[in-house]
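Scroll down for the structure; my scribbles are underneath it.
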Amino acid sequence: MTTFMNIGEAAAAAGVSAKMIRHYEQIGLLPEAERSESGYRLYGDREVSVLRFVRQSRHLGFSVAQIAELIGLWSDSQRTSREVKAVAQRHLADLEEKRREIDQMMDGLSVLVTACHGDDQPHCAILEKLSLGSTARHQPRHKPQLKKPLAKTGEPVAGSSSHIDLMAWMRGVRVHHGTH
């Protein structure tokens with residue numbers, strides 16, 4: 001005989017919130033709960049197992065779509081472990097790519113932090129480098145369409161009108177260029 005729990009008891013047993021249970025039902029990771037005569041949601045051991053499965057999968061960073069795929073495989077007695085492993089391997093490859101991206105962001109940020117004096121003066125190398133669209137190690141994915149002098153790095157030449165315009169714009173100052 002199956003013992004049923006209300007949403008609070010199921011949440012405690014699975015280590016998730018009642019709000020998350022409702023959300024998982026809404027997005028289809030958990031089937032809609034049976035209801036008591038008074039309309040309260042009722043959950044059995046199977047639903048609590050699914051909730052734990054979802055919680056652990058989310059902890060490992062699987063997307064909702066991947067979790068749905070894994071739940072489908074979990075409930076399919078004809079599945080092969082190869083299919084399950086393929087889902088996990090794709091996710092692992094995605095995480096490795098994200099780690100590379102985070103490493104690049106950290107490298108770029110470290111360069112900026114090192115370049116900044118962090119003193120009482122208004123000049124800040126971090127703001128200057130960010131305004132130029134480059135952190136020394138990172139180039140933008142698309143090149144800006146500037147019609148002003150550019151250094152070989154693709155950045156406005158310091159002192160050029162484009163650099164002065166950009167720096168003035170950042171400070172909220174209007175610059176007028178006269179003819180010589």
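In my numbering, the protein residues as written are 1 to 180. All residues carry an ideal CB built from backbone N, CA and C; glycine is no exception.
Tell me whether residue i is buried or exposed, calling it buried when 16 or more other Cβ atoms sit within 10 Å of its Cβ.
i, result
"residue 41", "buried"
"residue 85", "exposed"
"residue 132", "buried"
"residue 95", "exposed"
"residue 30", "buried"
Taking only the alpha-carbon atoms, compute the straight-line gap between residue i and residue j and give it to the nearest angstrom.
i, j, result
"residue 35", "residue 80", "34 Å"
"residue 11", "residue 122", "52 Å"
"residue 114", "residue 127", "13 Å"
"residue 6", "residue 125", "57 Å"
"residue 48", "residue 28", "15 Å"
"residue 32", "residue 26", "8 Å"
"residue 93", "residue 38", "47 Å"
"residue 118", "residue 129", "15 Å"
"residue 90", "residue 69", "12 Å"
"residue 50", "residue 24", "10 Å"
"residue 151", "residue 21", "With a pLDDT of 49 at residue 151, under the threshold of 50, the predicted position of this residue should be treated as unreliable, though the coordinate-derived value follows. Roughly 56 Å separates the two Cα atoms."
"residue 98", "residue 2", "43 Å"
"residue 112", "residue 87", "38 Å"
"residue 78", "residue 71", "13 Å"
"residue 46", "residue 60", "21 Å"
"residue 107", "residue 116", "15 Å"
Quick one: what's got a C-beta closer than 8 Å to residue i's C-beta in the same chain, skipping five residues either side?
i, result
"residue 110", "none"
"residue 83", "73"
"residue 76", "none"
"residue 58", "67"
What does a CB cutoff of less than 6 Å around residue i pick up in its chain, not counting 5 residues either side in sequence?
i, result
"residue 4", "42 and 44"
Keeping to the same chain, check which residues put their C-beta closer than 7 Å to that of residue i; ignore five residues upstream and five downstream.
i, result
"residue 8", "18"
Touch test, the stretch 101-110 against the stretch 51-70, Cβ-Cβ under 8 Å, three pairs minimum: no
Three CB pairs or more closer than 8 Å across the stretch 16-31 and the stretch 47-54: yes
Length-filtered (4 minimum) alpha helix (DSSP H) runs lying within the stretch 66-140: 81-115 and 125-132
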